[in-house]
Amino acid sequence: MRWRMSALLSSSVLLLPAVVSFSLRRISSFAAPHNVPALSPFSRSRLHRLSHMHRLFGGAKIGEGGHVFEINKPPEEWKKELTPEQYHIIREKGTERPGTGEYNKFYPDEGYFACAACGNPLYSAKAKFDSGCGWPAFDKCYKESVYTETDSSFGMIRIEIMCANCGGHLGHVFTGERFTDTNERHCVNSVSVKYVKGAPSPPLEEAKCT
């Protein structure tokens, strides 16, 4: 009898991550990838419980609106793969000093910029422009490559932009400044991205994220 109970409990534990992952994907499928929808108290509570279980048993990181970040690694692993500066900015949401970034005044004719942490293509070289803000600026991104969340730190309400694949912090997006026709300025840390020559394969469509 004890052996049967032990086998049943072991099977349940093995199946739980798959059940949690399926539930989270069902929730995330109803949310637009770049928006932060308002959740009811019941839905928010359920999402928090599922997210806690998913972290406990392993799996993808969950964003505010139920977005699933496919790459999820523990801090110890990220620290081994990233430099101290990259880890601080990408994983701890830090900010490089204005005017100091490698790509601040870098305007290539071709190529694209990928997430420095996971290699996910984020911005084309053609989307980059000189905003004079002290950080690399882009007026659009590859469709569904950038995820946004509301950032209320430092007493301000801003829109944080992250890599939609690993959740790495990129910077913030601002609208209404009329720099370009898209009316978006993605203010990105140079440390958060890596320039790649050539074009992504397969070709990717560009779009606004707000």
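Numbering (this note's numbering), first residue to last: 15 to 224.
Glycine included, every Cβ here is placed at the ideal spot set by N, Cα and C.
Bear in mind that the values here come from a model prediction, so they are computed numbers and not experimental data.
Q) On the premise that C132 lies in contact with H173, defined as a C-beta separation below 8 Å, what is that separation, rounded to the nearest angstrom? A) Position check: residue 173 holds Ile in this sequence, whereas His was assumed. Contact doesn't hold; Cβ gap of about 21 Å is too wide.
Q. Helix, strand or coil: how does DSSP classify W139 here?
A. Note that residue 139 is Ala in the sequence shown, not Trp. In the structure shown, A139 sits in a helix (DSSP, three-state: H, G or I).
Q | C-alpha distance - R39 paired with I76, whole-angstrom precision | A | With a pLDDT of only 44 at R39, under 50, the local geometry of the prediction cannot be trusted, and the value read off the model is given with reservation. The alpha-carbon atoms of R39 and I76 are separated by roughly 10 Å.
Q: With DSSP collapsed to three states, give me the class of E219.
A: In the displayed model, E219 falls within coil according to three-state DSSP, outside both helix and strand.
Q. In the DSSP assignment, what are the bridge partners of H200?
A. For H200, which the question treats as bridged, DSSP gives the partners F152, V187.
Q. Span of the alpha helix (DSSP H) holding E91?
A. It spans 89-95 - the alpha helix (DSSP H) in which E91 sits, taken as one unbroken run.
Q) Among C180, R199, G79, which one has its Cα closest to the Cα of P89? A) The residue with the shortest Cα to Cα distance from P89 is C180.
Q) Where G185 and K94 are concerned, what is the direct C-alpha to C-alpha distance, given to the nearest angstrom? A) Spanning the two alpha carbons is a distance of roughly 22 Å.
Q) From K154 to E91, what distance separates their C-alpha atoms? A) For K154 and E91, the distance between alpha carbons rounds to 31 Å.
(Q) Considering just the uninterrupted stretch of the beta strand (DSSP E) at I175, what are its terminal residues? (A) It spans 172-177 - the beta strand (DSSP E) in which I175 sits, taken as one unbroken run.
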